[in-house]
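Colleague:
Residue numbers (the UniProt record's numbering): 1 to 166.
Structure (structure tokens):
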């Protein structure tokens, strides 16, 4: 992701066209609209989650995974459900098995079962909640989920954590 910071003069000299700037704020992409007279306004828009965790890796809080991955938080209302982002499914060429093994940094493993909603969203149940409980994951902690396979072709999700106070 490339972040471009413009001065007020550069915004004004933009050919009188509105300019959309993407600003990374606390792990989320927000869109700021700069109008032709240089005023900036935060329009109320849906905040897009940064599923690739660019802020974490740029600040070197965690090593960058080598396999397909995404960054998520636990959903306080659905703690036992582990959602796979649609973006990742479209661009990651990931085959999701019926059962998958969650592995934490200590090497402990839990088995998750795949479920699909009517709107084709995919999530896993059973293994996610015990993994979070054993690792004392809080609502504001980030989970880096990396897809791997072993020699036998067994699907794993290696989960590492960045604690919320980072």
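By construction, the Cβ of each residue, glycine as well, lies at the ideal position given by its N, Cα and C atoms.
Small disclaimer: the values here were computed from a predicted structure and weren't measured.
Out of 120, 152, 137, which has the shortest C-alpha to C-alpha gap to residue 90?
Modeller: Position 90 of the chain shown, counted from the start, is the residue given in the question as residue 90. If we check each option's Cα against that of residue 90, 120 comes out closest.
Colleague: Our contact map puts residue 125 next to residue 135 with C-beta atoms below 8 Å; I'd like the distance itself, whole angstroms only.
Modeller: The count along the chain shown starts at 1 and reaches residue 125 at position 125. The count along the chain shown starts at 1 and reaches residue 135 at position 135. That belief does not hold up - the Cβ atoms of residue 125 and residue 135 are roughly 18 Å apart, past 8 Å.
Colleague: Return the chain-ordered list of same chain residues with a C-beta closer than 7 Å to the C-beta of residue 123, the five sequence neighbours on each side being excluded.
Modeller: As a first step, residue 123 must be located in the chain shown, where it is residue number 123. Cβ within range, chain order: 81, 82, 83, 84, 115.
Colleague: State buried or exposed for residue 111, treating a residue as buried only when at least 16 other CB atoms are found within 10 Å of its CB.
Modeller: Within the chain shown, the letter at position 111 stands for residue 111. Per the 10 Å Cβ criterion, exposed.
Colleague: Consider the Cβ of residue 162: report whether some Cβ of chain D lies at a distance smaller than 9 Å.
Modeller: Absent from the structure: chain D. Only one protein chain is present.
Colleague: I'd like to confirm something about residue 136: is its beta-carbon nearer than 8 Å to some heavy atom of the ligand COA, or not?
Modeller: Judged by which ligands are present, the structure shown has none, so any question about the ligand COA falls away.
Colleague: So is residue 142 buried or exposed if we call it buried at 16+ other beta carbons inside 10 Å?
Modeller: Working through the chain shown from its first residue, we reach residue 142 at position 142. Buried.
Colleague: With DSSP as the reference, label residue 120 as helix, strand or coil.
Modeller: Taking the chain shown and counting its residues from 1, one reaches residue 120 at position 120. It is coil, neither helix nor strand.
Colleague: Relative to the alpha-carbon of residue 78, which residue among 158, 128, 60 has its alpha-carbon at the smallest distance?
Modeller: Translated into the one-based positions of the chain shown, residue 78 becomes position 78. Of 158, 128, 60, the residue nearest in Cα terms is 128.
Colleague: Which residue's Cα is closest to the Cα of residue 153: 140, 94, 66?
Modeller: Locating residue 153 in the chain shown gives position 153, where the first residue counts as 1. Looking at the Cα atoms, 94 is the closest of the given residues.
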